[in-house]
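Okay, so here's the structure we're looking at.
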Amino acid sequence: MTFDLSFLGTALWTAAAKIPATLALAAVPLALGTLLGLPLALARFFRVPVLGKVIQGAVTLIKGIPVVLMLFVFYVVSADAFDPLMQSLGLSLTFRDFPKSLIALAALSIYAAAALCEVFRGALAAVPPGQFDAAAAAGLTRAQVLRRIVLPQALPVSLPMVSNITIALLKAAAMGSVVAVVDVMNAAVIAANANYRYLEAYVAAALIYWGLCFALEKAFGAGEKVLTRRVRRAA
Amino acid sequence: MPHEPILEVTGLRKSFGKTPVLTGIDLAVQPGETVALLGPSGSGKTTLLRCLNFLERADAGTLRIEEQRVDLRHAHSKQILALRRRTAMVFQNYDLFLNKTVLQNVTEGLIVARKVSKDEAIATARDVLSQVGLSTRLDARPHELSGGQQQRVGIARALAIKPAVLLFDEPTSALDPEKVQEILDVIRAVAQTGMTLLIVTHKMGFAYEVAHRVVFMEGGEIVEQGTPAQVFGAPKQERTRQFVSRFTEGKAPEYFI
Amino acid sequence: MKKALILLLSVIVLILPLAACGGDAEGVTTVRVGTSNDYPPFCYLDDSGALTGYEVALLKAVDEKLPQYKFKYEVLEFKTILTSLDQGRIDLAAHQFGKNDEREEKYRFGTVGYYSAADYIVVNENTTGIESIDDLSGKKVSVAPASLWALLLEDYNKEHPDKAPIDILYFESTPEILVKNLQGGVIDATLLTESDLNLMNTFLGTKFRAVGEPLSNTETYHIYRKDATELQSAIDGALKELQESGELAALSKKAVDDFFAAAK
Chain H
0 MTFDLSFLGT ALWTAAAKIP ATLALAAVPL ALGTLLGLPL ALARFFRVPV
50 LGKVIQGAVT LIKGIPVVLM LFVFYVVSAD AFDPLMQSLG LSLTFRDFPK
100 SLIALAALSI YAAAALCEVF RGALAAVPPG QFDAAAAAGL TRAQVLRRIV
150 LPQALPVSLP MVSNITIALL KAAAMGSVVA VVDVMNAAVI AANANYRYLE
200 AYVAAALIYW GLCFALEKAF GAGEKVLTRR VRRAA
Chain P
0 MPHEPILEVT GLRKSFGKTP VLTGIDLAVQ PGETVALLGP SGSGKTTLLR
50 CLNFLERADA GTLRIEEQRV DLRHAHSKQI LALRRRTAMV FQNYDLFLNK
100 TVLQNVTEGL IVARKVSKDE AIATARDVLS QVGLSTRLDA RPHELSGGQQ
150 QRVGIARALA IKPAVLLFDE PTSALDPEKV QEILDVIRAV AQTGMTLLIV
200 THKMGFAYEV AHRVVFMEGG EIVEQGTPAQ VFGAPKQERT RQFVSRFTEG
250 KAPEYFI
Chain R
0 MKKALILLLS VIVLILPLAA CGGDAEGVTT VRVGTSNDYP PFCYLDDSGA
50 LTGYEVALLK AVDEKLPQYK FKYEVLEFKT ILTSLDQGRI DLAAHQFGKN
100 DEREEKYRFG TVGYYSAADY IVVNENTTGI ESIDDLSGKK VSVAPASLWA
150 LLLEDYNKEH PDKAPIDILY FESTPEILVK NLQGGVIDAT LLTESDLNLM
200 NTFLGTKFRA VGEPLSNTET YHIYRKDATE LQSAIDGALK ELQESGELAA
250 LSKKAVDDFF AAAK
């Protein structure tokens, strides 16, 4: 079998139509993961009694589970629990009609939250302790210290790792196929069913992933440059 | 001095784990007074300073600054915040806000913590920055400044809020030797404005010259206090005598800068 | 689905010592047969750990008709069977291989199909109203993203624009999820081979049933290297005899029945 360039084009076109799905499967977990991961990181960083330890355990647990397994577990648990739950809430929504992509989003968000929790904790630790002291001594509240002094310094530090996690999420979106989510990867594969030209389909998917990752890395790199220019550490 | 003390701490105790660091400190500072805290490394003087604005939480003791009195161990966050806003601190490593300009470093505490209007805060900041001799580089970031310049900003940041008590934590020990004198000069000028200063320092000569009162600490307690002439010239305690002798005997010119 | 089942049921692959190549002393040639031990009821290990199943039973019958050959089994991982054929480590691949263009270009297929893998529409026990592919219109049906079944359903939708399209769910999933989906009514039907359906009902306690006529029938064949004309025609000759005598059909039924009887 020779390499079929025209089918590569077809597969590229079909798969590219699913770029929004893949981006959503990365962006939503990134956003939710940040909203969840940042407070968790703060709780760990400030060693909140009990909660800090619980979070540490949970993060270790989640990071130890392959994403695909988490998707399975989420799916199986929701398949059993969804309808009774909806009934008890008096809602008529059934699991049959529930968009399965939300399960993928939930699982990926939890994974992202755990990963981002670790990243943000590391970034917080990279802020010199004197910054906390100086801000507190200036009479700022704990929230003001974080919002105005600490986070503007910590977040730029975390950007390269956040970029890595985003790219990992982008690729993990392909595992959404276990819960019937069709993303770039799966669209390419489905396109190849007709003629067995899976190689072309995989190449098409790879090209799209490379393009997306390249664009993301550039974007994060630019963001990092802008943010860190102002916050460079004193020599 | 005839006044009621502006700062009064009693029975302050603090341990790090099982290691006692402060074993019962009583100290009063009069308004307008400059007090130098001296003592060997590990004597607890920096910890004492940090307990006064709750950067460290003391295990026991009470603190009064102006009319606000708190239990050092049980103070809640509102009290702590109110108390912190009566003091300002100058740090050994300057600890300027790295994400802020020179001007923003000075206005931050005014605008955010004390709700001063932006225009008023900027006017105050310009004023104190020129007072410390730094009126040109208002938009510079901390990493663009020399250590001496950073510490001037640190002092301006503290002055701007017109604290009841200004706390200095070894303000010159991270500086290059040739910059030390210029910062000491700035602090001396501040002392002469009648502000109340509590200074942890190793600079014996500076303490001798500027402080109204010298407090000698060792092993987590105050061993002796008095005028510089009393403590340096005629120490009552053997420990004080030993400590000051290292600086007074023979080496005087070097340390009495 | 088939792939997932293989994964689920896979056990450690035993690599038997490689047999010496070529002819034996008394003019008996050893034929090395590549198969796996994790695809019941076609090839699996019985309780005593011996390789058994339809593939083995059939070749044993073939062997009896061909005194010039003796068969020796190499247990391989499924994915490596055809590669081993390329490399000359085996002479014959016996693992329910179906034909496709790519394979036919590279290998020699036997001419006698020895098993017919029928694909059915499969529904949960109480589901009614689905008897043929036409009844799937507007229903939720799951298939693996990379499968001929997916194509079959897509084509059906294309050819019947007047009907409500079949709602195809591309599940790259384990039997566990398929079971949840069918039992929980998340999907109305799926497509399975008869054999995979039996495996699922036997081992996962489901009561799924195949409905209507088979959607397709995939014949399975032995695969040889291109140059193995002599071996191929000898075995095909034997297979033809077995087919005509009815022994082939009996053997396949017995192998499947034995497996499920043992499983119960």
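Same order as they appear, the protein sequences are chains H, P and R. Each residue of the first sequence is one higher than the one before, counting from 0 in numbering that gives the first Met the number 0. Each residue of the second sequence is one higher than the one before, counting from 0 in numbering that gives the first Met the number 0. Each residue of the third sequence is one higher than the one before, counting from 0 in numbering that gives the first Met the number 0. Virtual Cβ for every residue (Gly too), placed ideally from N, Cα, C. Small disclaimer: the values here were computed from a predicted structure and weren't measured.
Item: Does the stretch 203-222 of chain P come into contact with the stretch 49-57 of chain P, if we say contact requires no fewer than three beta-carbon pairs (one atom in each stretch) closer than 8 Å?; Value: no
Item: Look at the alpha carbon of Phe242/P and the alpha carbon of Tyr110/H, and state the distance between them as a whole number of angstroms.; Value: 59 Å
Item: Helix, strand or coil: which one does DSSP assign to Val222/P?; Value: strand
Item: Below 8 Å between beta carbons is the criterion; list the residues of the stretch 34-51 of chain H that meet it against any residue of chain P, in chain order.; Value: none
Item: Is the distance from the Cβ of Val177/H to the Cβ of Val67/H below 9 Å?; Value: yes
Item: Among Asp187/R, Leu250/R, Thr110/R, which one has its Cα closest to the Cα of Asp134/R?; Value: Asp187/R
Item: Enumerated in chain order, which unbroken segments of the alpha helix (DSSP H) with a length of 4 residues or greater are wholly contained in the stretch 126-161 of chain R?; Value: 147-158
Item: Using a Cβ-Cβ cut-off of less than 7 Å, list which residues of the stretch 74-87 of chain H approach chain R; keep chain order.; Value: Tyr74, Val75, Ala78
Item: Can you pull the chain H neighbours of His175/R, defined as C-beta to C-beta under 7 Å?; Value: Note that residue 175/R is Glu in the sequence shown here, rather than His. The contacting residues are Val75.
Item: Applying the 10 Å Cβ sphere with the 16-neighbour rule, what's the burial state of Phe15/P?; Value: exposed
Item: Give the secondary structure of Pro39/R by DSSP, where H, G and I count as helix, E and B as strand, and everything else as coil.; Value: coil
Item: Anything in the stretch 102-115 of chain H with a Cβ closer than 9 Å to a Cβ of chain R? List those residues in chain order, please.; Value: none
Item: Interface residues of chain H around Phe90/P at Cβ under 9 Å?; Value: Gly129, Asp132, Ala133, Ala136
Item: Pairing CB atoms from the stretch 161-172 of chain R with CB atoms from the stretch 129-144 of chain R, are three or more of them under 8 Å?; Value: yes
Item: Can you check the stretch 184-222 of chain R for any beta strand (DSSP E) of at least 3 residues that lies completely inside it and give the ranges in chain order?; Value: 188-192
Item: Does DSSP put Asp3/H in a helix, a strand or coil?; Value: coil
Item: What is the rounded straight-line gap between the Cα of Ile148/H and the Cα of Pro141/P?; Value: 13 Å
Item: What does the alpha-carbon distance come out to for the pair Lys126/H and Thr189/R?; Value: Checking the sequence shown, residue 126/H turns out to be Val, not Lys. So the alpha carbons of these two residues sit roughly 55 Å apart.
Item: Out of Ala137/H, Ala122/H, Val144/H, state which residue places its alpha-carbon closest to the alpha-carbon of Leu158/H.; Value: Ala122/H
Item: Please list, in chain order, the chain H residues whose beta carbon lies closer than 7 Å to that of Val55/R.; Value: Ordered by position in chain H, no residue passes the 7 Å Cβ test against Val55/R, which lies about 30 Å from the chain.
Item: Between Phe90/P and Asp168/P, how many whole angstroms is the CB-CB distance? I'm expecting something under 8 Å.; Value: 6 Å
Item: Does the beta-carbon distance from Ala237/R to Gln67/R come in below 9 Å?; Value: no
Item: Are the beta-carbon atoms belonging to Thr61/P and Leu71/P less than 9 Å from one another?; Value: yes
Item: Shorter than 9 Å from the beta carbon of Ala163/H to some beta carbon of chain R?; Value: Before going further, note that residue 163/H is Asn rather than Ala in the sequence given. Closer than 9 Å: no.
Item: Assess, as a yes-or-no matter, whether the stretch 252-260 of chain R is touched by the stretch 40-52 of chain R under the definition of 3 or more beta carbon pairs within less than 8 Å.; Value: yes
Item: To the nearest angstrom, how far is the alpha carbon of Ala204/H from that of Ala187/H?; Value: 6 Å
Item: Excluding the five sequence neighbours on either side, which residues of its own chain have a C-beta within less than 8 Å of the C-beta of Gly97/R, listed in chain order?; Value: Ala116, Thr217, Glu218, Thr219, Tyr220
Item: If we ignore side chains and look at the alpha-carbon of each, how far apart do Leu101/H and Phe73/H end up?; Value: 10 Å
Item: Can you tell me which of Glu229/R, Tyr113/R, Thr127/R puts its alpha carbon nearest to the alpha carbon of Leu272/R?; Value: Since the displayed chain R opens at 0 and closes at 263, residue 272/R lies outside it and no answer follows.
Item: Can you tell me whether Gln130/H is helix, strand or coil according to DSSP?; Value: helix
Item: Which stretch, first to last residue, makes up the alpha helix (DSSP H) that contains Phe81/H?; Value: 66-87
Item: Mapping the DSSP letters down to three states, classify Thr22/P as helix, strand or coil.; Value: strand
Item: Ala112/H and Leu39/H look like a contact to me (Cβ under 8 Å); what is the Cβ gap, rounded to whole Å?; Value: 7 Å
Item: Taking the CB atoms as reference points, tell me whether Ala20/H and Ala136/H lie closer together than 9 Å.; Value: no
Item: For the candidate residues Glu208/P, Glu177/P, Ser172/P, Ile24/P, whose alpha-carbon lies nearest to that of Ser40/P?; Value: Ser172/P
Item: Please state the DSSP three-state secondary structure of Thr165/H.; Value: helix
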